[in-house]
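Residue numbers (the numbering used here), protein chains in the order written: chain A, 123 to 541; chain B, 264 to 535.
In structure tokens:
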């Protein structure tokens, strides 16, 4: 083990760091070995965007770019929660209507009962926690397959939404704060400030880790790769904020419309929080362990039941947040909120992003990337004037494609693993 | 007898309902020695190991660890004493890397954040202490490792915690020739580092290659525990299959170790 022998506190240049070339080769070897991660989603996103941009130049307009975020937000948020359930190899089919129930609770509390917006938000999120706890208990303690439990939930919650809506009438949401979530934008300056904070924070974390590891003589990624990652994030965030800060109002004299949609930093914060939980805490490590080998996790002293219940709680809670965003975007809640394609789009988003349906593999970022793919398909095909029938078929095909990539890469990994 | 045993069991009984699986079993493991635990399928090897590791409670009998009588009621008790078991199916998570597997359930943290550098260093030191050179990177997923490498990781995981007694359940069962040699070498090195090692094996070549003592179970009874140098291949096979071999085994109190071998007429237990 060369790592123990070398102890130094000098700069990274003297540590046994692999070169940039070997890093790239290493990555390529992992990809060929079946560990492709989010690569298909990123490539798919590039291809789709290029195709739509060529066919419909308006796809690239600032207004449409902002639309993409608000259109995809609810599905992305639900998908972020689903990643946790999928990591255990379970499924939550009720997440869509769970978000509907939570949205209905929100609308009832704020509009019918007239409480302030934060009470409504707390009520909606708590509803999500309760739903998740019930689902989790049924799966972990009673031992009903999650597919069945959540399928029952899917039907029951659909009914609950109807009951909360007093037989199908919709309830409008007029509270200015709630409406702002999906319909208002940040002032351009704040957008830039948040982007700067995000890049600075990411750079600090990456550089600190690099220094810490090389100080202890551990193998680190080459500093050039670390800097490239930071630079890449800065470029992407910078471009996105720049485009979103362009004026996208049809008539500036009537109203100005520019800035980062408020829902974007909400997604970003949740992405950072959940990524931290999954990657840097022992709770997150235990989720991966239970998803990879339940028996091994049990023998390692991990409380498997508690982990299983907790992921359903996280999933339903994220569904609640998704429901709030959906209610905000529509300015109302109707019996179909969280219904129709929401759940399947959310599962699709997680899987397209690279989360395995077999458990043990996936990141919260996958949900965001996959959510972007789903939103781009939905939006781009809408611009091209295709009917929803065609959109559904195409999204279904893409989901199938993603699932087969998952299954094939798994086979490939198994084959290369048994070398 | 080199020293006092690290772990000594006396008069262990264990039944599952009407089936008595262990009958007045005595067993000892010595520091710095490999004790091979042999016996046919259903002889009670796995049950004995699970009693030692706290998974099964015993019906009767005494545990003496390091000269003190102890009670082991749960795997946690066993771990606290420094007893680690490497199970046959290894219990590794394929989707985690080597370091993550070695620290699974006992992660080092600073605050609420995982302390990855410390864990990686400790893992590297442990593997270096076992002279393991076959693993390229500590950050590769276990799914990419060969059978022998997995076994190595599982064993390293067991010795990471300053354990004093390591029980290996058929560590070479699924391995090829070269990998078997590697793992046996590792087992020998554990004992040379001062640990007490218990090796469960069906393979007589492995047993004679690496062990200092052999303990033979036959239908839930300890029929002999002798030094490897004092016994032949054929005798061990006889002990395993018939419960006796010449002066050893069920007839006559074996003079070698004074193990409590029960009378021969009690071998009609329904162990299958």
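By construction, the Cβ of each residue, glycine as well, lies at the ideal position given by its N, Cα and C atoms. These numbers come from a predicted model, not from an experiment.
Which of helix, strand or coil DSSP assigns to residue i
i: residue 481(B); result: strand
i: residue 513(A); result: helix
i: residue 528(A); result: helix
i: residue 178(A); result: coil
i: residue 432(B); result: strand
i: residue 500(A); result: helix
i: residue 268(B); result: coil
i: residue 480(A); result: coil
i: residue 307(A); result: strand
i: residue 278(B); result: strand
i: residue 340(B); result: helix
i: residue 285(B); result: strand
i: residue 388(A); result: helix
i: residue 332(A); result: helix
i: residue 291(B); result: strand
i: residue 422(A); result: coil
i: residue 404(B); result: strand
Separation of residue j from residue i, as counted between CA atoms
i: residue 424(B); j: residue 447(A); result: 48 angstroms
i: residue 464(A); j: residue 337(B); result: 47 angstroms
i: residue 405(A); j: residue 472(B); result: 43 angstroms
i: residue 450(B); j: residue 410(B); result: 15 angstroms
i: residue 506(B); j: residue 420(A); result: 36 angstroms
i: residue 239(A); j: residue 282(A); result: 22 angstroms
i: residue 194(A); j: residue 496(A); result: 7 angstroms
i: residue 350(B); j: residue 397(A); result: 33 angstroms
i: residue 427(B); j: residue 348(B); result: 11 angstroms
i: residue 469(A); j: residue 386(A); result: 20 angstroms
i: residue 464(B); j: residue 447(B); result: 11 angstroms
i: residue 301(B); j: residue 403(B); result: 35 angstroms
i: residue 489(A); j: residue 393(A); result: 9 angstroms
i: residue 432(B); j: residue 417(B); result: 11 angstroms
i: residue 330(B); j: residue 500(B); result: 32 angstroms
i: residue 345(A); j: residue 319(A); result: 21 angstroms
i: residue 382(A); j: residue 309(A); result: 7 angstroms
i: residue 246(A); j: residue 500(A); result: 27 angstroms
i: residue 141(A); j: residue 348(A); result: 12 angstroms
i: residue 309(B); j: residue 143(A); result: 50 angstroms
i: residue 338(A); j: residue 395(B); result: 21 angstroms
i: residue 311(B); j: residue 286(B); result: 10 angstroms
i: residue 533(A); j: residue 182(A); result: 38 angstroms
i: residue 360(A); j: residue 314(A); result: 8 angstroms
i: residue 169(A); j: residue 342(B); result: 54 angstroms
i: residue 428(A); j: residue 262(A); result: 8 angstroms
i: residue 284(B); j: residue 276(B); result: 8 angstroms
i: residue 352(B); j: residue 434(B); result: 9 angstroms
Residue i: contacting residues in chain A (beta-carbon distance under 9 angstroms)
i: residue 380(B); result: 331, 334, 335, 337, 338 and 340
i: residue 377(B); result: 401, 402, 403, 404, 406 and 407
i: residue 383(B); result: 125, 335, 338, 340 and 341
Under 8 angstroms by beta carbon: chain B residues contacting residue i
i: residue 417(A); result: 352 and 354
i: residue 414(A); result: 356, 357, 358 and 359
Beta-carbon neighbours of residue i, restricted to chain B and to distances below 9 angstroms
i: residue 460(A); result: Going along chain B, no residue has its Cβ under 9 angstroms from residue 460(A), so there is no contact; the nearest lies around 31 angstroms.
i: residue 258(A); result: In chain order: nothing, as chain B lies at least about 21 angstroms away.
i: residue 410(A); result: 356, 358, 359 and 363
Listed by chain order, chain B residues near residue i by CB distance under 7 angstroms
i: residue 424(A); result: 368
i: residue 475(A); result: Here the premise fails: no neighbours, minimum Cβ distance about 17 angstroms.
i: residue 421(A); result: 354
beta-carbon residue i near the ligand SAH non-hydrogen atom, thresh 7 angstroms
i: residue 279(A); result: Of ligands this structure carries none, so the ligand SAH is not represented either.
Neighbouring residues, chain A, relative to residue i (Cβ below 7 angstroms)
i: residue 372(B); result: 404
Contact residues within the region 448-459 of chain B, judged by C-beta distance below 8 angstroms to chain A: none
Touch test, the region 478-495 of chain B against the region 290-297 of chain B, Cβ-Cβ under 8 angstroms, three pairs minimum: yes
Segment contact flag, the region 474-481 of chain A with the region 448-464 of chain A, C-beta cutoff 8 angstroms, min 3 pairs: no
Given 8 angstroms, three or more beta-carbon pairs between the region 415-424 of chain A and the region 220-230 of chain A: no
Within 7 angstroms of chain A by C-beta, residues of the region 329-362 of chain B in sequence order: 354, 355, 356, 357, 358 and 359
Segment contact, 8 angstroms Cβ cut-off, at least three pairs: the region 427-437 of chain A with the region 243-259 of chain A: Yes, the region 427-437 of chain A touches the region 243-259 of chain A.
Proximal residues, the region 480-511 of chain A versus chain B, C-beta separation under 7 angstroms: 482 and 483
The region 210-223 of chain A in contact with the region 269-281 of chain A per 3-pair CB rule at 8 angstroms: yes
Stretch-stretch touch, CB-based, cutoff 8 angstroms, three pairs: the region 269-286 of chain B with the region 310-322 of chain B: In short, these stretches touch, since the Cβ pair count reaches three.
Contact between the region 499-516 of chain A and the region 380-390 of chain B (3+ Cβ pairs under 8 angstroms): Short answer: they don't touch.
Touching by the beta-carbon criterion (3+ pairs, under 8 angstroms), the region 367-376 of chain A and the region 183-190 of chain A: yes
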